[in-house]
Amino acid sequence: MTTSEQNRTAEQQEREQALVEQVVASFETAKDPRLKQLTQALTRHLHAFLREVRPTEAEWASAIEFLTAAGDITDDKRQEFILLSDVFGASMQTIAINNEAYANATEATVLGPFFVEGSPEIPLGGDISFGAAGQPCWVEGTVTGTDGEPVPGARIEVWEADEDGFYDVQYDDDRMAARGHLVADERGNYRFWAITPTPYPIPHDGPVGALLAAVGRSPMRASHLHFDVRADGKRTLITHIFVRGDELLTSDSVFGVKDSLVHDFVEHPAATPTPDGRDVAGRAWSSVRFDIVLAPAQTGVCA
Ligand code: BEZ
Ligand code: FE
């Protein structure tokens, strides 16, 4: 118990506790047991927070204004509440809870707000850049299960920002670029051209950006390439690969970096032959290997 709690009168503490119990009891009528659990636990934790930090009424009004501003800036292209969840680590905690460690299965990380349905299908060895600016990057690997068996036909979706730090959906035209999907071959192998990932900030012109600035945190994300990998009988994997050596690896604004997801992007000087003989117009290019291991759909007890 802190000194200020000791100094607070027993009557004051009883009043505060009585209110918590009254609100918890008000949710007893919930027919859905999960809804009851969620609302009652939220009440307990929310009141514990309030009783710990003891906001002034002006501070609480500011908090409401902050949430109102988050709602105001949210539309079908901008989701400020996901950003809020991300910068508090709530997205990553939910991912950790729902993607339990299982044998050598590849770790999951944040989906982010820039996934869109309907990306083009590309053949093995095709190019997802569709004209997006950036250095060509050859990506290859295998998809296997935790038993080491290949997963033929796994569907691999990838998306990324261009070298200016923008996803296609952040431009005002209707371009679709730097995203696509492909299917692993009969031995679980896949390969495609992308662009070398570069760092970029999460959208920070709204209340979440103002919060980061107020606490001296950067909005930058470590350079990454997004993957969504799915196959029958396997747990869907939503993840990224990160670039070894990127100085932002230790300060990713959404806590998405896992050591196991950091990969060597090998730089190849201009005029180095490419793996598939593609002419990259005399430019330097990079390459990375990412072997993906999918957990079974029902993981049950951890292996
Ligand atoms: C992203 O990786 O694209 C992203 C993730 C979380 C918040 C904003 C962007
Ligand atoms: Fe991203």
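The numbering used here applies: residue 1011 is where the sequence shown begins, and numbers increase by one.
Virtual Cβ for every residue (Gly too), placed ideally from N, Cα, C.
Since the structure is predicted, the reported quantities are computational estimates derived from the model, not experimental observations.
Here ARG1293 is exposed. Its C-beta has fewer than 16 other C-beta atoms within 10 Å.
Under the three-state reduction of DSSP output, GLU1024 falls in the helix class.
Partner residues in the beta bridge of HIS1278, as assigned by DSSP, are TRP1295. The beta-bridge partner set that DSSP reports for GLY1151 consists of TYR1200. Non-local C-beta neighbours of ALA1171 in its own chain, meaning closer than 6 Å and more than five positions away in sequence, comprise TYR1177, TYR1210, ordered along the chain.
Close to the ligand BEZ, as judged by a C-beta nearer than 6 Å to any of its heavy atoms, are the residues LEU1093, ASP1096, VAL1120, GLY1122, PRO1123, PHE1124, ILE1212, ARG1231, VAL1264, in chain order.
In the structure shown, the three-state DSSP call for MET1102 is helix. Each of GLU1159, HIS1236, ALA1281, ASP1274 was checked against the Cα of SER1297, and the nearest Cα belongs to ASP1274. Judged by DSSP secondary structure, GLU1167 falls within the beta strand (DSSP E) whose first and last residues are 1165-1169. For the segment 1186-1255, the full-length beta strand (DSSP E) segments reaching 3 residues or more read 1189-1193, 1199-1205, 1234-1240, 1247-1253 along the chain.
Closest in alpha carbon position to TRP1203, among ALA1028, GLN1089, ALA1118, GLY1287, is GLY1287. By the C-beta density criterion, ASP1262 is buried, having at least 16 other C-beta atoms within 10 angstroms. With a 10 Å radius around the Cβ and a threshold of 16 neighbouring Cβ atoms, LEU1235 comes out buried.
The alpha-carbon separation between VAL1290 and ILE1212 amounts to approximately 30 Å. Proximity to GLU1173 across VAL1149, ILE1205, LEU1094 peaks at ILE1205, based on C-alpha coordinates.
Secondary structure at GLU1031: helix, using DSSP grouped into helix, strand and coil. Exclusion of the five residues before and after THR1156 leaves TYR1112, ALA1113, ASN1114, ALA1115, VAL1303, LEU1304, ALA1305, PRO1306, ALA1313 as the residues of its chain whose Cβ lies within less than 8 Å of its Cβ. When the five nearest sequence neighbours on each side are left out, the beta carbons in the same chain lying within less than 7 Å of the beta carbon of GLY1122 are those of HIS1236, in order along the chain.
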